[in-house]
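Chains as they are written, first to last, in our numbering: chain F, 3 to 236; chain G, 26 to 263.
Idealized CB from N, CA, C, for every residue including glycine.
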Amino acid sequence: MNTLSESLALAAGLVTHFDVHLVDIVLLSLRVSLTATFFAACLGLPLGAAIAVGQFPGRGALIVVLNAMMGLPPVVVGLVVYLLLSRAGPLGSFGLLFTPGAMVVAQTILITPIVAALARQTVSDAWAEYREQLTSLGAGTYRAAMTLLWDTRFSLATVLLAGFGRAIAEVGAVMIVGGNINGVTRVMTTTIALETSKGDLPLALALGLVLIAIVVLLNSAAHATRGWAKARFG
Amino acid sequence: MAEPVTGLPIELRKVAAAPGGVPVLAGIDLVVAAGGRTVLLGPNGAGKSTLLRVLHGLIPPSGGSIKWGDATSRPFGQAMVFQRPVMLRRSAAENVRYALDLAGVRGADADARIDEALDEVGLRALADRPARVLSGGEQQKLAFARVWALRPEVLFLDEPTASLDPAAARSVEQIISDIHARGTTIVMTTHNLVQAKRMADDVLFLHAGRVTERTPAREFFTMPRSIEAAAFLEGERI
Numbered sequence: 003m004n005t006l007s008e009s010l011a012l013a014a015g016l017v018t019h020f021d022v023h024l025v026d027i028v029l030l031s032l033r034v035s036l037t038a039t040f041f042a043a044c045l046g047l048p049l050g051a052a053i054a055v056g057q058f059p060g061r062g063a064l065i066v067v068l069n070a071m072m073g074l075p076p077v078v079v080g081l082v083v084y085l086l087l088s089r090a091g092p093l094g095s096f097g098l099l100f101t102p103g104a105m106v107v108a109q110t111i112l113i114t115p116i117v118a119a120l121a122r123q124t125v126s127d128a129w130a131e132y133r134e135q136l137t138s139l140g141a142g143t144y145r146a147a148m149t150l151l152w153d154t155r156f157s158l159a160t161v162l163l164a165g166f167g168r169a170i171a172e173v174g175a176v177m178i179v180g181g182n183i184n185g186v187t188r189v190m191t192t193t194i195a196l197e198t199s200k201g202d203l204p205l206a207l208a209l210g211l212v213l214i215a216i217v218v219l220l221n222s223a224a225h226a227t228r229g230w231a232k233a234r235f236g
Numbered sequence: 026m027a028e029p030v031t032g033l034p035i036e037l038r039k040v041a042a043a044p045g046g047v048p049v050l051a052g053i054d055l056v057v058a059a060g061g062r063t064v065l066l067g068p069n070g071a072g073k074s075t076l077l078r079v080l081h082g083l084i085p086p087s088g089g090s091i092k093w094g095d096a097t098s099r100p101f102g103q104a105m106v107f108q109r110p111v112m113l114r115r116s117a118a119e120n121v122r123y124a125l126d127l128a129g130v131r132g133a134d135a136d137a138r139i140d141e142a143l144d145e146v147g148l149r150a151l152a153d154r155p156a157r158v159l160s161g162g163e164q165q166k167l168a169f170a171r172v173w174a175l176r177p178e179v180l181f182l183d184e185p186t187a188s189l190d191p192a193a194a195r196s197v198e199q200i201i202s203d204i205h206a207r208g209t210t211i212v213m214t215t216h217n218l219v220q221a222k223r224m225a226d227d228v229l230f231l232h233a234g235r236v237t238e239r240t241p242a243r244e245f246f247t248m249p250r251s252i253e254a255a256a257f258l259e260g261e262r263i
């Protein structure tokens with residue numbers, strides 16, 4: 003009990019004084035997860051839209067697989083990326099293992115299915131509403147997909163936030179492929195895991211607070227954006 | 026003023042349609058020639074909306090054949106207004122521009138047509154308003170502005186005034202008349218017999234997925250040729 007209150011006080015001190023060590027860790031976390039979200043958006047949004055609008059054999063199975071992949075265990079993704087990037091692995095020559103780059107790769111693999119599956123659902127719903135009108139106006143499949151992506155942009159922003167939330171909060175994949183090297187690949191979640199096991203609770207708690215604050219802040223922003231967009235654009 | 030496209034006449038031969046696997050239309054023989062205003066009448070479930078969609082190329086026939094002029098695939102030069110318009114999340118003017126862009130009309134020509142179309146339907150003042158926050162009636166007028174700008178050869182209307190109040194319905198009817206006056210062939214469905222009398226040159230009566238008669242409007246309302254149409258008109262009078 004005493005430990006908790008003392009640790010909380012120390013943690014609050016670290017946060018309010020912008021402790022350099024803490025700030026570095028937070029910034030690396032943000033950099034890695036935002037980059038992963040960017041790549042997941044580039045891959046997942048077009049993929050989701052293509053599956054939503056396109057008609058091709060195996061589409062139903064693909065949707066099932068995609069939805070199932072939303073639940074990929076981070077440690078398994080970490081393991082696979084580790085094997086791919088390790089010296090003896092097929093992509094070993096890039097020398098990415100134990101770098102932030104490797105962490106970006108792992109998180110991108112982890113959240114691209116989430117972004118694609120949620121985008122697929124969002125665009126499908128819109129397609130059901132727009133289909134006849136767009137077809138009537140002469141829009142082909144590609145044009146329709148692009149139009150729908152743009153028209154559902156506010157919902158898709160929430161989809162990206164869901165992906166980002168998953169990326170920044172996961173620990174298993176970045177721990178394995180990043181190696182949790184101090185000052186190089188140590189992010190919020192891996193630090194929390196390490197410091198907790200070492201017994202250094204203030205830093206772990208401080209990072210926990212920051213992590214929760216980021217997640218809450220992002221979701222509030224998403225909520226506000228959607229409300230504004232609904233009122234502004236219908 | 027309609028663009029020179031040769032998607033007319035539309036000829037249906039023994040057309041059947043089964044959207045979603047449910048048989049709706051069977052044995053439809055029909056020619057839609059240029060210039061007229063044809064109103065599809067019939068009870069709910071008769072297949073009016075499905076027939077419109079087949080004519081517009083939205084639903085492929087499950088049997089028989091359809092030709093638009095000499096073409097077997099839907100040509101440009103057609104437009105359709107649905108019972109509930111679908112607007113994109115962009116301004117009213119940009120919604121018209123989107124349709125023109127798909128039809129290959131861009132630049133200054135598009136700008137001019139957008140202004141003209143919004144003027145025609147009385148939405149010029151709302152050009153920059155997001156389309157989806159317009160009222161139902163305004164959105165339907167915007168759908169007609171889209172059509173006005175496209176200058177189609179044929180226009181299909183699926184109960185275009187069904188969800189509008191009487192005033193909005195009358196102004197939409199006026200817009201339809203204006204579009205027709207520019208040389209566009211009109212094919213529409215309606216549940217409103219008074220509107221059908223006002224708008225129709227000829228009436229196509231559908232019952233249980235078949236065309237029971239096609240009659241000049243004046244005749245149809247006084248002396249329908251088919252038993253089904255007579256019963257329908259009788260029922261509507263009560």
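DSSP bridge partner residues for residue i (one or two, in chain order)
i, result
"G:Val40", "G:Ile53"
"G:Arg114", "Per DSSP, none; premise fails for G:Arg114."
"G:Ile91", "G:Leu37"
"F:Ile27", "The partner list for F:Ile27 (beta bridge, DSSP) is empty, contrary to what the question assumes."
"G:Gln103", "G:Val179"
"F:Ala195", "Note: F:Ala195 sits in no beta bridge, so no partner."
Terminal residues of the alpha helix (DSSP H) in which residue i lies
i, result
"F:Phe58", "It is not in any alpha helix (DSSP H) - F:Phe58 carries neither H nor E in the DSSP assignment."
"F:Ile214", "203 to 235"
"F:Asp127", "102 to 139"
"G:Val130", "Counting along the chain, G:Val130 falls outside any alpha helix (DSSP H), and DSSP gives it neither H nor E."
"F:Leu150", "143 to 153"
"F:Val173", "Taken as a continuous stretch (DSSP letters only), F:Val173 belongs to no alpha helix (DSSP H), as it is neither H nor E."
"G:Arg223", "218 to 224"
DSSP three-state assignment for residue i, whether helix, strand or coil
i, result
"G:Gln108", "coil"
"G:Val6", "As displayed, chain G neither begins before 26 nor continues past 263, which places residue 6 of chain G out of reach and without an answer."
"F:Ser7", "helix"
"F:Val186", "coil"
"G:Leu65", "strand"
"G:Ile84", "coil"
"G:Val264", "The displayed coordinates of chain G run from 26 to 263. Any statement about residue 264 of chain G would go beyond what the structure contains."
"G:Pro249", "coil"
"F:Ala43", "helix"
"F:Pro92", "coil"
"G:Ala152", "coil"
"G:Val187", "According to the sequence as given, residue 187 of chain G is Ala; it is not Val. Coil."
"G:Ala27", "Interpretation of G:Ala27 is limited by its pLDDT of 46, a score under 50 that renders its predicted location unreliable; the figure taken from the coordinates is listed afterwards. Note: G:Ala27 maps to coil in three-state DSSP."
"G:Glu244", "helix"
"G:Ala96", "strand"
"F:Met72", "coil"
"G:Ala193", "helix"
"F:Asp21", "coil"
"F:Ser157", "helix"
"F:Leu32", "helix"
"G:Ser74", "helix"
"F:Ala38", "helix"
"G:Ala59", "coil"
"G:Arg138", "helix"
"G:Ser202", "helix"
"G:Arg122", "helix"
"G:Arg207", "coil"
"F:Gly97", "coil"
Host beta strand (DSSP E) of residue i (start-end)
i, result
"G:Pro241", "235 to 241"
"G:Phe181", "179 to 183"
"G:Phe230", "227 to 232"
"F:Val78", "Where F:Val78 is concerned, there is no enclosing beta strand (DSSP E), although the alpha helix (DSSP H) it sits in stretches over 76 to 87."
CB contact flag (residue i, residue j, <9 Å)
i, j, result
"G:Ile91", "G:Leu77", "no"
"F:Ile113", "F:Gly174", "no"
Residue i beta carbon near the ligand COA (any heavy atom closer than 8 Å)
i, result
"G:Asp190", "Ligands in the displayed structure: none, and consequently the ligand COA is not present."
The segment 127 to 141 of chain F: which residues have C-beta closer than 7 Å to a C-beta of chain G, in chain order?
Glu131, Tyr132, Glu134, Gln135, Thr137, Ser138, Leu139, Gly140, Ala141
Identify each residue in the segment 154 to 188 of chain G for which the Cβ-Cβ distance to at least one residue of chain F is less than 9 Å, and report them in chain order.
Pro155, Ala156, Arg157, Val158, Leu159, Ala168, Arg171, Leu175, Phe181
Taking a Cβ distance cut-off of 7 Å, strictly less, list which residues of the segment 116 to 133 of chain G are near chain F, in chain order.
Ala124, Leu127, Ala128
Under 7 Å, CB to CB, which of the residues in the segment 215 to 236 of chain F have a partner in chain G?
Arg234, Phe235, Gly236
Using a Cβ-Cβ cut-off of less than 9 Å, list which residues of the segment 75 to 92 of chain G approach chain F; keep chain order.
Arg78, His81, Gly82, Leu83
Chain G contacts from the segment 150 to 164 of chain F (Cβ-Cβ distance under 9 Å)
Trp152, Asp153, Thr154, Arg155, Phe156
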